[in-house]
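Numbering (this note's numbering), first residue to last: 466 to 579.
From the three backbone atoms N, C-alpha and C, an ideal C-beta is built for every residue, glycine too.
As C-alpha cells, the structure follows; a few thoughts come after it.
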C-alpha cells in the first residue's frame, strides 16, 4: 500500500507563490490519475487539478493560468506550482492517487494573506 505525503504549504502574501509536493512511499506509476483537492474552512473539499499517468492535465477554472500540476514517476512525486496566489486560495490541500482505490495524503495548509 502506498502512502502519500504532502509538503510545501505555508503562509504567503497575496500575489506570491508556493510549490506543493506529494511524495509516495512507494511507486506512484500505478496511479492512473493523481491530483490535488483543497478544503477551506466551512466548505466542501473541491478538486483543484489532476494529471493522468500519460501526463494529461486538468484544471478547474479558478486556478487556470495560475497553477501547474506535474508528475515524476521516477521520483514518485507530484507537484503543484501555485502562482499569483489569492486570499481565496487559503485551504488545506490534499493530494490523491487513483488506482483500484483512492489514496489520500493528510493535507498541507496553505494560507494566503491579503
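How is residue i classed by DSSP in three states: helix, strand or coil?
i, result
"residue 552", "helix"
"residue 538", "helix"
"residue 532", "strand"
Leaving out the 5 sequence neighbours to the left and right, which residues in its chain are closer than 6 Å to residue i when beta-carbon positions are compared?
i, result
"residue 576", "476, 555"
"residue 524", "514"
Less than 8 Å between the CB atoms is what I'm expecting for residue i and residue j, so what's the real figure, rounded?
i, j, result
"residue 503", "residue 513", "5 Å"
"residue 547", "residue 571", "About 19 Å; that fails the 8 Å criterion."
"residue 568", "residue 471", "Not quite, the Cβ-Cβ distance comes to about 12 Å (not below 8 Å), so this is no contact."
Quick one: what's residue i bridged to in DSSP?
i, result
"residue 516", "499, 522"
"residue 478", "578"
"residue 504", "557"
"residue 573", "558"
"residue 491", "Its beta-bridge partners do not exist; DSSP assigns none."
Considering only residues of the same chain and omitting the five flanking positions on each side of residue i, which have a CB-CB separation below 7 Å?
i, result
"residue 551", "479, 577"
Quick one: residues in its chain with C-beta nearer than 8 Å to the C-beta of residue i, no 5 flanking neighbours on either side, listed in chain order?
i, result
"residue 482", "546, 547, 548, 549, 550"
Query raised in the report: If you pair each beta-carbon of the stretch 552-572 with each one of the stretch 493-510, do three or more pairs fall below 8 Å?
Result: Yes, the stretch 552-572 is in contact with the stretch 493-510.
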